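Residue numbers (the numbering used here): 4 to 161.
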Amino acid sequence: MFYCLILISISCKHGNKKDALNLEAETELKIDSMEANLNNKKSLTSSEYNTDYSEIENIERPEKTIIRNLAIDTSKAFGIWTQDPNGPHADFWLTEKSFYVVDYDGDGAMPYILDKNEITIFYKDFVQKGRITSTENDTLKIKWSDNEQATEYLKFEN
Numbered sequence: 004m005f006y007c008l009i010l011i012s013i014s015c016k017h018g019n020k021k022d023a024l025n026l027e028a029e030t031e032l033k034i035d036s037m038e039a040n041l042n043n044k045k046s047l048t049s050s051e052y053n054t055d056y057s058e059i060e061n062i063e064r065p066e067k068t069i070i071r072n073l074a075i076d077t078s079k080a081f082g083i084w085t086q087d088p089n090g091p092h093a094d095f096w097l098t099e100k101s102f103y104v105v106d107y108d109g110d111g112a113m114p115y116i117l118d119k120n121e122i123t124i125f126y127k128d129f130v131q132k133g134r135i136t137s138t139e140n141d142t143l144k145i146k147w148s149d150n151e152q153a154t155e156y157l158k159f160e161n
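Spelled out as structure tokens, the structure:
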């Protein structure tokens, strides 16, 4: 029995250490942006955080919002909008200066271009395009380019 304990002790000290955690070894990170991007949408960013990441180009954003050649009544389009009138907060606030995302991590004020009824919003990490199809009866309808149906927003009431 004593002999068995000695053998076990020796085998544990000199055994294969491949399963041991080596905290000093360098770990190579591999990034597969196609697998991480479930919708396979092109990811863009303008943040300084990713400016050295060669696979992502920075977004060219206007310095300020551009409104021109209007085909809609902006007095009806400007306002605070929500998809869920019973929700805890609005989705966005559209003003002559910005498209303000209400629940955004950081600065939610995004510049946009409103040309006729076409709206292009320049988020920090992507660009969203849509066509405003209605501004009547405290309802704003936008047909976003990545959706088949128009999204209906209601005026947000506190």
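Note that beta-carbon positions come from the ideal geometry of N, C-alpha and C, so glycine has one too.
Because the structure is a prediction, the values reported are computed rather than measured.
{"query": "Cα-Cα separation between N120 and E155, rounded to whole angstroms", "result": "15 Å"}
{"query": "Cross-strand partners of S137 (DSSP beta bridge)", "result": "K144"}
{"query": "V104 versus L73: straight-line alpha-carbon distance, rounded", "result": "23 Å"}
{"query": "Simplified DSSP state of K127, which is helix, strand or coil", "result": "coil"}
{"query": "Backbone CA spacing between T98 and G82 [nearest angstrom]", "result": "7 Å"}
{"query": "Straight-line gap, A153 to L143 (C-alpha atoms, nearest Å)", "result": "10 Å"}
{"query": "N- and C-terminal bounds of the alpha helix (DSSP H) containing T77", "result": "77-80"}
{"query": "Bounding residues of the beta strand (DSSP E) (the contiguous stretch that carries T154)", "result": "154-158"}
{"query": "Element boundaries [beta strand (DSSP E), containing D118]", "result": "115-118"}
{"query": "Between the CA atoms of T68 and K127 - distance to the nearest angstrom", "result": "14 Å"}
{"query": "Exposed unless 16 or more other CB atoms sit within 10 angstroms - verdict on G90", "result": "exposed"}
{"query": "Distance between T123 and F102 (C-alpha atoms, nearest Å)", "result": "10 Å"}
{"query": "CA-to-CA distance, R134 to N150, given in whole angstroms", "result": "11 Å"}
{"query": "Nearest residue (CA-CA) to L117, options R71, R64, A80, I62", "result": "R71"}
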